[in-house]
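These protein sequence lines map, in sequence, to chains A and B. Numbers 1 to 674, taken from the numbering used here, label the letters of the first sequence in order. Numbers 1001 to 1674, taken from the numbering used here, label the letters of the second sequence in order. The beta-carbon is built from N, C-alpha and C at its ideal position, and this holds for glycine as well. Written below as structure tokens is the structure these notes are about.
Protein chains: 2
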Amino acid sequence: MSNDPLVIFTPSGKRGHFPVGTPVLTAARQLGVDLDSVCGGRGICSKCQITPSYGEFPKHGVTVAKDALSDWNSVEQRYDDKRGLKTGRRLGCQAQVQGDIVIDVPETSQVHKQVVRKRVEARDITLNPSTKLFYVEVEQPDMHEPSGDLERLVRALRTEWDLPELFADLDLLKTLQPILRKGEWKVTCAVHLEDRRIMQIWPGFYEGSIFGLAVDLGSTTIAGHLCDLATGEVVASSGIMNPQIRFGEDLMSRVSYSMMNPGGADEMTAAVRDGMNELFAQIAEEAGITQDLIMDAVFVCNPVMHHLFLGIDPFELGQAPFALATSEALNLRAAELGLALHPAARVYLLPCIAGHVGADAAAVALSEAPGKSEDLVLVVDVGTNAEILLGNREKVLACSSPTGPAFEGAQISSGQRAAPGAIERVEIDPMTKEPRFRVIGSDIWSDEDGFADAIADTGVTGICGSGIIEMVAEMRLAGLLDGPGLIGSSEQTGTTRCFLDGRTYSYMVWDDPERPITVTNRDIREIQMAKAALYSGARLLMDKFGVDSVDRVVLAGAFGAHISPKHAMVLGMIPDAPLDMVTSAGNAAGTGARIALLNTKARREIEQTVHNIHKIETAIEPRFQEHFVNASNIPNAVEPFPILNTVVSLPDVTFNTGGGGGDTAGGRRRRRRG
Amino acid sequence: MSNDPLVIFTPSGKRGHFPVGTPVLTAARQLGVDLDSVCGGRGICSKCQITPSYGEFPKHGVTVAKDALSDWNSVEQRYDDKRGLKTGRRLGCQAQVQGDIVIDVPETSQVHKQVVRKRVEARDITLNPSTKLFYVEVEQPDMHEPSGDLERLVRALRTEWDLPELFADLDLLKTLQPILRKGEWKVTCAVHLEDRRIMQIWPGFYEGSIFGLAVDLGSTTIAGHLCDLATGEVVASSGIMNPQIRFGEDLMSRVSYSMMNPGGADEMTAAVRDGMNELFAQIAEEAGITQDLIMDAVFVCNPVMHHLFLGIDPFELGQAPFALATSEALNLRAAELGLALHPAARVYLLPCIAGHVGADAAAVALSEAPGKSEDLVLVVDVGTNAEILLGNREKVLACSSPTGPAFEGAQISSGQRAAPGAIERVEIDPMTKEPRFRVIGSDIWSDEDGFADAIADTGVTGICGSGIIEMVAEMRLAGLLDGPGLIGSSEQTGTTRCFLDGRTYSYMVWDDPERPITVTNRDIREIQMAKAALYSGARLLMDKFGVDSVDRVVLAGAFGAHISPKHAMVLGMIPDAPLDMVTSAGNAAGTGARIALLNTKARREIEQTVHNIHKIETAIEPRFQEHFVNASNIPNAVEPFPILNTVVSLPDVTFNTGGGGGDTAGGRRRRRRG
């Protein structure tokens, strides 16, 4: 047994004997303990802070004497004077081992620290960014052993940091010589580790941060999150409307635009890239940094957005067999895409799963990890196109289903985007058939005192996506709407709120003479189609998996966060499941982008995962149409929904008097597809 | 022993048994025989032509029957009708083995064919270009197994051609889908094998060629050679003046320009790149191709040109310790350098050996391979800056020496560039001291009949570099010039051609009243300085190598081709050696560039070689100055030149009468350096 002092690190539990005088950082490195350092032990960066513990440690079998570490030294004193060192902390590169010692590495001193996600059930992100800072001292040129300045810099990075052979772009080469001399051969380098590229160098020790962007490029909005690559912290977030909207609201209309207009695809590519740069400028300003400090960016998007962003005509995505130009993950340079970030910035696009199931679905798979779930989980990303994943540790299936924009309030007579004044919560009294509701921006229900005051500024302006889901479900629960989706007449329902409105009936929600809010039977049809598309996709995956039920349902997408599980289930939008097993994952695609940005290992993971996901193309599955027709009923013409039936009781009403009011969702869908 | 027929390939001698019906191409591939094919055996490309041999082959122990191969088939018939197949040839992919057979693979059907160099002593180039053509049939998209078009293309290239995972630029992705469909899923790909990148695809079988450029970027001229990458053949060559000349004739004046003028380096970068593009356009036009078929380019140049071409300020190269920004070989994209080639074209720059010994010297090392020489060889690339290599299998040393422009006819009173009318050959009668000479453009000596007619068009316009070397050497041999470099008076020399010309004497070569051609003592001084610089560099390397003589001398550079070995040795420009051991390598740097272009293995070889070359910096070697002073004498103040003395006898004359005519080269050099 060694007579050298025993050094024990917590929380890793790694331990070893080291000669007296060994710096704690050196001991940590030799044991492979995750202790950060940018300056390589020169007492400059203060990243290697540790907390020594003294006294008896029966668990570790050691007693730590008061003098187990060397005394506080002048470097630590200087740092403490300048910046303040937390009580009990030492600089790992300065404190030297003198006797047996137990050393705790605080979370903030770990390179691969955990970045905590806000949702309780979500996994934390292990920090492992593409680009890190390294401080080095470079050998000066020697005429007897001539070598390039770059080669000596690369050698220093290899010797001091054990980095592989690195390369540099021409832009860096142009600045290299003056910076090395300005820093007197001491420089800080930002190194892209995967690409083995020196991104930038600063003379001396660079005290600032470097950043990365996680971007969720949606058909409607583009959202970006700026992260500090050393801490994982989101330092700014912002979003803009996708400027491509002027070429078409939904994906297929944009594909059509490019088919009908020569150069149309290029126009849309330019528009989205311009929008992106506008967003980046906005985010950088919010964070108070310059855009050239953004060295890495990760993008998630659906296949059409993916192709248009890359400058590829999405023509093939508009028709079977929906062939992607490329489906694998892409590593590009920001400059190739015309993005105004650091001149050498790298860009990563997650892989696409199939022609209809894009990198956004891959990002959801990364965030929600159905393939790591013990129980069978259905993940539904609700949008104009729903991406659906079903799986557990055994296997994962995926498909997409064209829900259309109804869930976003479009094509609904009183529909609107989620904004103050929009109805978001609804209850209908099953006895009186009277509605009560709440609007965005107020916590007061419409039948409570103070409601008029609360909405004085906004008024009641319409119904947002989650509101329309609750509205339709409540109408069904109150017996105003039958299973096939017909609104009853005032006679059939016993309320004058149901009124003849053309050939069918409508329900009066808010009887404001200036701005009445009603639900028409056509609105019901739109919702039926949207929810039937979603359900039949999920049901198809269940068929393929060989199950009739799922253990839990995760609703992803910003919209998913606002959906009431009970109402969604009454509508038959999602399969029958215990209500507390239906949760929201928020913007899971955006989270997936952030995970891929902060942890490059997660990129390899999702690339592998995507290969293992089994894709189902709804368009060529004969049972899809059958499921769709069944799912047009509310909740469903054939599925029993036994768990739902223990929670609610659906009135057994039928309003079709046989008079040919057969404008069913299924019938309309067939016509539209024809 | 197998009962299957025996197939023997020549010239490789590879042999194996194959079942009846095996196509010859298949047999060749399985045996690793170098038999070309672009279409993968589909009878389209005709690259796999072979010549079967019939009859008795005691050497191989086989008898080949007339029916040892299957009959001529319709594919071969169609090819023969269309293009004509040489008598005796078969298509290797069509002809099937029926019995024991001997098959010759002609040179033109080998992938790694030898590209023959013109010089007898030069090694051939084994063809192994960066970029090759491959024809493939791609699987069509399948909705049940969705994958990107690119991924299926890459898979086809892997399956059919055993290529590794390949990547594509965005530009290619943009064109991929329509081209695959236009070619009905049959395409030809140009693949950069080192960069694992699909450069371009063509629908169907592409019948054309792809090209590469070898560029020798000199301070004065830029020369380019366009090569067919499949045959190695030079299809066009051209040269232009380096447009940087307007910023300074020599390297140091360009470095000064960038130091004195803010943005000066960028101006020079733009100038050389513009010039390059002009050259490329010129070469492409000459070859009758479009520039976008040029997919690879290799550049050799000295360090200052190297930095200016890359856009790096050469400031550091103008002062000790002459630090290069980067010395390793560079793999770049042509687009980064603003070069108008194929949009995805790659560029390779050979490594630099040291701050004064550039990629051009590396190219000379690649072409002349001193490190592979059994005997000790001195390679001298004569230019305004001479690069000198000394070595054998044991080791190689390198240095550069600033010879200045005198060898190019500059700074010589009657000097001129090599052009019609310039004196290139000289003899002086040692008895009469009368000169006779020949000018460029005529084979008639000046004392022969018909000379006047022969030069009627051009006149005698001056003395070119090789002419001035012969002139000075002949003056020394004829006793007109003493060892220290003084021209004698007419009294001392006995000829009135020597005349007082200011403080010193000059020699009248061509007494044309309108355009007399003389050699002044100042001209002698310039040549003394230039040759002393060259010799002392070589001598320094010999010191370092521990030798006093070399086995052979190779003169590289366009100018080197015209130098008379005897005269160079009389001048003491090169070390003493048997005259037949002094040879010219022509433009060895350009040849090195061509080798690196056509054989990527040679790139790895020179990168390794350069690491092993030991660099000597003349500026910090104390003995260099001593060698220089000694070498200012003609041929040398201390070196005996014993072999030269068996060929010529140098008159022992001294013209310094002690009158203080001490304007020696050494003295002037010291003043200039001070």
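Cα-Cα separation between LEU1390(B) and VAL75(A), rounded to whole angstroms: Numbered from its first residue, the second sequence carries residue 1390(B) at position 390. Numbered from its first residue, the first sequence carries residue 75(A) at position 75. A direct Cα-to-Cα measurement between LEU1390(B) and VAL75(A) gives close to 52 Å.
Grouping DSSP H, G and I as helix and E and B as strand, with all else coil, what is ILE283(A)? Taking the first sequence and counting its residues from 1, the one referred to as residue 283(A) is at position 283. Helix at ILE283(A).
Between the Cα of THR1326(B) and those of ASP1004(B), ALA1354(B), ALA1340(B), spot the shortest distance and give me the residue it belongs to. What you label residue 1326(B) is simply residue 326 of the second sequence in a count that begins at 1. Nearest C-alpha to THR1326(B) among ASP1004(B), ALA1354(B), ALA1340(B): ALA1354(B).
Please confirm whether VAL20(A) has its beta-carbon closer than 9 Å to some beta-carbon of chain B. Position 20 of the first sequence, counted from the first residue, corresponds to residue 20(A). It does not; no Cβ of chain B falls within 9 Å.
For ARG1673(B) and ALA1410(B), what's the separation of their Cα atoms in angstroms? In the second sequence, the residue the question calls residue 1673(B) occupies position 673. In the second sequence, the residue the question calls residue 1410(B) occupies position 410. With a pLDDT of only 34 at ARG1673(B), under the threshold of 50, the placement of this residue in the model should not be trusted; the figure read from the coordinates follows. Going by the C-alpha atoms only, they are around 19 Å apart.
Of all Cβ atoms in chain B, is any one closer than 9 Å to the Cβ of SER327(A)? Residue 327(A) sits at position 327 when you count from the first residue of the first sequence. Chain B places a beta carbon closer than 9 Å to that of SER327(A), counting this residue as a contact.
Here's the rule: buried if 16 or more other CB atoms are within 10 angstroms of the residue's CB, otherwise exposed. What is GLY1021(B)? The residue you call residue 1021(B) lines up with position 21 of the second sequence. GLY1021(B) counts as exposed, since fewer than 16 other C-beta atoms from the protein chains shown sit within 10 angstroms of its C-beta.
According to the Cβ coordinates, are LEU534(A) and ALA363(A) closer than 9 Å? Along the first sequence, one-based indexing puts residue 534(A) at 534. Along the first sequence, one-based indexing puts residue 363(A) at 363. In this structure, the beta-carbon distance from LEU534(A) to ALA363(A) does not fall below 9 Å.
In its own chain, which residues sit with a C-beta less than 8 Å from the C-beta of ASP576(A), not counting the 5 before and 5 after it? As a working note, residue 576(A) is residue 576 in the first sequence. Around ASP576(A), the same chain offers SER549, MET569, GLU639, PRO640, PHE641, PRO642, ILE643, LEU644 as residues with beta carbons nearer than 8 Å, after the five sequence neighbours per side are excluded.
May I have a chain-ordered list of the beta strand (DSSP E) segments no shorter than 3 residues that lie completely inside the stretch 1504–1536 of chain B? The stretch 1504–1536 of chain B contains these whole beta strand (DSSP E) runs: 1504–1510, 1517–1519.
Between the CA atoms of VAL1629(B) and ALA1532(B) - distance to the nearest angstrom: As a working mapping, residue 1532(B) is identified with position 532 in the second sequence. As a working mapping, residue 1629(B) is identified with position 629 in the second sequence. A straight line joining the alpha-carbon of ALA1532(B) with that of VAL1629(B) spans about 7 Å.
Identity of the residues DSSP links to ASP1104(B) by a beta bridge: Translated into the one-based positions of the second sequence, residue 1104(B) becomes position 104. Answer is THR1010(B), THR1051(B).
Cβ contact (3+ pairs, closer than 8 Å) linking the stretch 1577–1594 of chain B and the stretch 1541–1561 of chain B: By the Cβ criterion, the stretch 1577–1594 of chain B is in contact with the stretch 1541–1561 of chain B, since at least three pairs of Cβ atoms, one from each stretch, lie closer than 8 Å.
List the DSSP bridge partners of TRP202(A). In the first sequence, the residue the question calls residue 202(A) occupies position 202. The beta-bridge partner set that DSSP reports for TRP202(A) consists of THR188(A).
Buried or exposed for ARG1594(B), please, with buried defined as at least 16 other CB atoms from any protein chain shown within 10 angstroms of its CB. Numbered from its first residue, the second sequence carries residue 1594(B) at position 594. Counting Cβ neighbours within 10 Å, ARG1594(B) comes out buried, since at least 16 surround it.
Burial state of ARG1669(B) (16 or more Cβ within 10 Å): As a first step, residue 1669(B) is located in the second sequence; it is residue number 669 there, counting from the start. Legend: pLDDT at ARG1669(B) = 42, less than 50; position of this residue unreliable, no value from coordinates given.
Are LEU133(A) and VAL191(A) close, meaning C-beta to C-beta below 9 Å? By one-based count along the first sequence, residue 133(A) stands at place 133. By one-based count along the first sequence, residue 191(A) stands at place 191. The answer is yes: Cβ separation under 9 Å.
Just the C-alpha distance for ARG1014(B) and PRO1005(B), rounded to the nearest angstrom, thanks. The sequence position of residue 1014(B) within the second sequence is 14, counting from 1. The sequence position of residue 1005(B) within the second sequence is 5, counting from 1. With the sequence shown as reference, residue 1014(B) is identified as Lys, and Arg is not the correct amino acid for it. Computed Cα separation, rounded: 14 Å.
List, in chain order, every chain B residue whose beta-carbon is nearer than 9 Å to that of PRO146(A). Indexing the first sequence from 1 puts residue 146(A) at position 146. Around PRO146(A), the beta-carbon contacts reaching into chain B at under 9 Å are PRO1321, PHE1322, ALA1323, LEU1324, SER1327, CYS1352, ILE1353, ALA1354, GLY1355, HIS1356, VAL1357, LYS1615, GLU1617.
Listed by chain order, chain A residues near ILE1179(B) by CB distance under 9 Å: Walking along the second sequence from the start, residue 1179(B) turns up at place 179. What ILE1179(B) touches in chain A, judged by beta-carbon distance under 9 Å, is nothing: the nearest beta carbon there is about 11 Å away.
So which residues of chain A does LYS1174(B) contact, with C-beta pairs closer than 7 Å? Indexing the second sequence from 1 puts residue 1174(B) at position 174. The contacting residues are GLY311, ILE312.
Could you check which residue in ASP1034(B), THR1493(B), PRO1019(B) has the C-alpha nearest to that of SER1070(B)? Position 70 of the second sequence, counted from the start, is the residue given in the question as residue 1070(B). Closest in C-alpha terms to SER1070(B), from the list ASP1034(B), THR1493(B), PRO1019(B), comes PRO1019(B).
Hey, SER130(A) and ARG346(A): beta-carbon distance below 9 Å or not? Taking the first residue of the first sequence as position 1, residue 130(A) is located at position 130. Taking the first residue of the first sequence as position 1, residue 346(A) is located at position 346. Yes; because the gap between Cβ atoms is below 9 Å, this pair is in contact.
Can you look up HIS1306(B) in the DSSP assignment and give me helix, strand or coil? Locating residue 1306(B) in the second sequence gives position 306, where the first residue counts as 1. Helix at HIS1306(B).
Just checking my contact of GLN177(A) with GLU1316(B) at CB under 8 Å: how many whole Å lie between their CB atoms? By one-based count along the first sequence, residue 177(A) stands at place 177. By one-based count along the second sequence, residue 1316(B) stands at place 316. Here GLN177(A) really is in contact with GLU1316(B); their C-beta atoms are around 5 Å apart, less than 8 Å.
Extent of the continuous beta strand (DSSP E) to which MET1573(B) belongs: Your numbering for residue 1573(B) matches position 573 in the second sequence. Where MET1573(B) is concerned, there is no enclosing beta strand (DSSP E), given that its DSSP letter is neither H nor E.
Please report the distance separating the alpha-carbon of ASP951(B) from that of VAL1111(B). With chain B running from 1001 to 1674 in the structure shown, residue 951(B) is simply not present.
Any C-beta of chain B under 9 Å from that of LEU337(A): Your numbering for residue 337(A) matches position 337 in the first sequence. Yes - at least one Cβ of chain B is within 9 Å of the one on LEU337(A).
Grouping DSSP H, G and I as helix and E and B as strand, with all else coil, what is ASP1360(B)? Taking the second sequence and counting its residues from 1, one reaches residue 1360(B) at position 360. Three-state DSSP puts ASP1360(B) in a helix.
Helix, strand or coil for SER70(A) per DSSP? Position 70 of the first sequence, counting from 1, holds the residue named residue 70(A). In this structure, DSSP gives SER70(A) a state outside helix and strand, which the three-state scheme calls coil.
Distance between beta carbons of GLU1474(B) and ILE1428(B), contact taken as under 8 Å: Reading the second sequence from its first residue, position 428 is the one you call residue 1428(B). Reading the second sequence from its first residue, position 474 is the one you call residue 1474(B). Between GLU1474(B) and ILE1428(B) the Cβ distance is about 4 Å, and since that is below 8 Å, they are a contact.
From ALA1452(B) to ASP1482(B), what distance separates their C-alpha atoms? Residue numbering aside, residue 1452(B) sits at position 452 when the second sequence is read from its first letter. Residue numbering aside, residue 1482(B) sits at position 482 when the second sequence is read from its first letter. In this structure, the alpha-carbon of ALA1452(B) lies about 32 Å from that of ASP1482(B).
My parser needs the alpha helix (DSSP H) runs of 4 or more residues fully inside the stretch 1300–1348 of chain B; what are they? 1303–1310, all fully within the stretch 1300–1348 of chain B.
Under 9 Å between C-beta atoms of ILE388(A) and ILE469(A): Sequence index remark: in the first sequence, residue 388(A) carries index 388 (1-based). Sequence index remark: in the first sequence, residue 469(A) carries index 469 (1-based). Against a cut-off of 9 Å, the Cβ pair of ILE469(A) and ILE388(A) comes out as no contact.
Hey, GLY1479(B) and PRO1351(B): beta-carbon distance below 9 Å or not? Residue 1479(B) sits at position 479 when you count from the first residue of the second sequence. Residue 1351(B) sits at position 351 when you count from the first residue of the second sequence. In this structure, PRO1351(B) does not lie closer than 9 Å to GLY1479(B) by Cβ.
Exposure label - GLY1502(B); buried when at least 16 CB within 10 Å: Here the question's residue 1502(B) lines up with position 502 in the second sequence. Its Cβ having fewer than 16 others within 10 Å, GLY1502(B) is exposed.
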